[in-house]
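To start, the structure under review is shown below, and the notes come after it.
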Amino acid sequence: MANKSVAVLDIRSSEIAVFVGERGVNNTFVFKASKTESYGGYQDGEFYDTEELAAAVTGALDAVEQICGQRFRTLYIGVPGEFTLVVPKEQVVGFPKRLKIGAREKETLFDSGRREMEGYRNIRVASMIYTTADNRRVADPTGLYSTGLSGVLSYFYCSEYFASTFEKIFSDMKLELKFLPTQLATACYLIPDETRDEYALFLDVGYLSSTVCLLLGGGILAQKTYWVGQGQIAVRLMQKFGLPYEGAVQLLTRSNLYLKREAKSREFNFRGQTYDIPADDFVEEVKAGLDDLCEKVSGFLEECSGKELDSKPLYVTGEGLDGIRGALEHLSRRLGCVCEQLAPDLPYYNKPSMSSRIALTDMAYKDNSKNGKLFRFLNIFGG
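Using this note's numbering, the first residue of the sequence shown is number 256, and each one after it goes up by one.
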């Protein structure tokens, strides 16, 4: 694989996807290959079926490698919120003399707060804000002169279970695995830097699992993951109307919560069988499922009280609301805030379900570029 291309594995709660891409013109991406596979998902920090997961992952990887005509040496793996622990810390370091701050000095600050945690491994550190010794608050201190540096930092830890599961899957391959925090990548890609200079709220709604975050600068101050999503709403419909699960999913993704209805019921045909679905009961059941998500988000916001979030919008992405027209409006009404849906601003990939895949590719590409020889050479001299 060419040095400027990156291979990324995105793990969602109902499917996985392998992407191979590189940066194109105007900050876009050119994707050489991609493959998506369904699998059983996860709950409570564990995959339902690791053998099924392994088959899906290796199958997708093999398919993409065949399309590209070569083997990968490095694979970037997105770590979902379910398997991520975020630890915010404020760290301070002093320097022997006044010097120009570069990558080395920032890494010294990051290292000062790294700690081993049982059952986890550190995969990344991000800064929310930096402060120099003379009290200059900046988003990036590179190039400034100071005798010291402090920062409010986010330490991202991946569960050992998650990391070891994928290391076992790829144990027979000569493949370097690099883990990336999915929600950080997605939020930083979709939400502009200037918006994140102050507190920002972000919700990634998945099929079985959803994660809500409080963002600040280039990091995350608080993050929680809940077992709630589109799949759980489909279960409610299945139980309420006696539908097969696949039929309930299909019905859900064709719904409109605020459509003016003249008929009291609708006929729904699935695999040769017709179901009579009371229109009002259907809408109320979907709203009840969305309310479960709202309750989780409301609880998170209460935990973050005191952060002046009342006027902040909630930025929403992910595949969990796909096809449920009116879902975003319902969330806005229940939560009492503006909910704004985000998706990649890219042709063919401008859907919320594609957000994490494009964002992880963006983060992987930047990390890969930073590891280049020229970057390392320049930073020896604080560039």
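Ideal placement from N, C-alpha and C gives every residue a C-beta, glycine not left out.
{"query": "Collapsed DSSP secondary structure at R580 in the structure displayed", "result": "strand"}
{"query": "Nearest candidate by alpha-carbon position, reference L569, set R580, R588, I579", "result": "R588"}
{"query": "Span of the beta strand (DSSP E), counted from its first residue to its last, around Q346", "result": "339 to 355"}
{"query": "Nearest candidate by alpha-carbon position, reference A543, set Y444, Q485, C323, Y410", "result": "Q485"}
{"query": "Integer Cβ distance of P335 from I266, believed to fall under 8 Å", "result": "6 Å"}
{"query": "S382 classed as buried or exposed, judged by whether at least 16 other C-beta atoms fall within 10 angstroms", "result": "buried"}
{"query": "As assigned by DSSP and simplified to three states, the class of E453", "result": "coil"}
{"query": "Beta-carbon proximity check, A315 vs E345, cutoff 9 Å", "result": "no"}
{"query": "When L512, L545, A288, R451 are compared against R491, the one with the closest alpha-carbon", "result": "L545"}
{"query": "For P533, the residue or residues it bridges with in DSSP", "result": "S520"}
{"query": "Nearest to T387 (by Cα), restricted to the options Y410, G349, E307, R580", "result": "G349"}
{"query": "S464 versus N524: straight-line alpha-carbon distance, rounded", "result": "29 Å"}
{"query": "Residue burial classification, Y481 (beta-carbon count within 10 angstroms, cutoff 16)", "result": "buried"}
{"query": "Extent of the continuous beta strand (DSSP E) to which G474 belongs", "result": "474 to 481"}
{"query": "Contact with chain D by C549, beta-carbon distance below 9 Å", "result": "Included in the structure is just one protein chain, with no chain D present."}
{"query": "Beta bridge counterpart(s) of K290 as assigned by DSSP", "result": "V273"}
{"query": "Three-state secondary structure (DSSP) of M256", "result": "Residue placement at M256 is poorly supported in this model, since its pLDDT is 47, which falls under 50; the coordinates are not used for a value here."}
{"query": "CB-CB length for L430 against R359, believed under 8 Å", "result": "About 29 Å; that fails the 8 Å criterion."}
{"query": "Spatial neighbours of C594 in its chain, beta-carbon cut-off 6 Å, leaving aside the 5 residues before and after", "result": "L569, V571, L583, L586, S587"}
{"query": "Between the CA atoms of A318 and G324 - distance to the nearest angstrom", "result": "10 Å"}
{"query": "Neighbourhood of K361 by C-beta, 6 Å cutoff - its chain only, sequence neighbours within 5 removed", "result": "none"}
{"query": "For A394, the three-state DSSP class (helix, strand or coil)", "result": "coil"}
{"query": "DSSP beta-bridge partners of L492", "result": "In the DSSP output, where bridge partners are listed per residue, L492 has none listed."}
{"query": "Same chain only: Cβ atoms within 6 Å of K290, ignoring 5 sequence neighbours per side", "result": "V273, A315, A318, V319"}
{"query": "Cβ-Cβ distance between Q438 and Q478 below 9 Å", "result": "yes"}
{"query": "Boundaries of the beta strand (DSSP E) in which S409 is found, first to last residue", "result": "400 to 414"}
{"query": "Q487 - DSSP class collapsed to helix/strand/coil", "result": "helix"}
{"query": "Assumed close pair V407, P343 - CB separation to whole angstroms, cut-off 8 Å", "result": "7 Å"}
{"query": "Environment of G300 [buried if 16+ CB atoms lie within 10 Å]", "result": "exposed"}
{"query": "The stretch 368 to 377 contacting the stretch 399 to 416, beta-carbon criterion three pairs below 8 Å", "result": "yes"}
{"query": "Contact under 9 Å by Cβ, S666 with V541", "result": "Absent from the structure is residue 666, since the part of the chain shown begins at 256 and ends at 638."}
{"query": "Backbone CA spacing between V261 and A442 [nearest angstrom]", "result": "20 Å"}
{"query": "CA nearest to the CA of T363, picked from R353, Y400, S405, E558", "result": "S405"}
{"query": "Candidates G276, A288, N281, S268, of which the one nearest Y294 by Cα", "result": "S268"}
{"query": "Beta-carbon spacing of P499, R526 below 9 Å", "result": "yes"}
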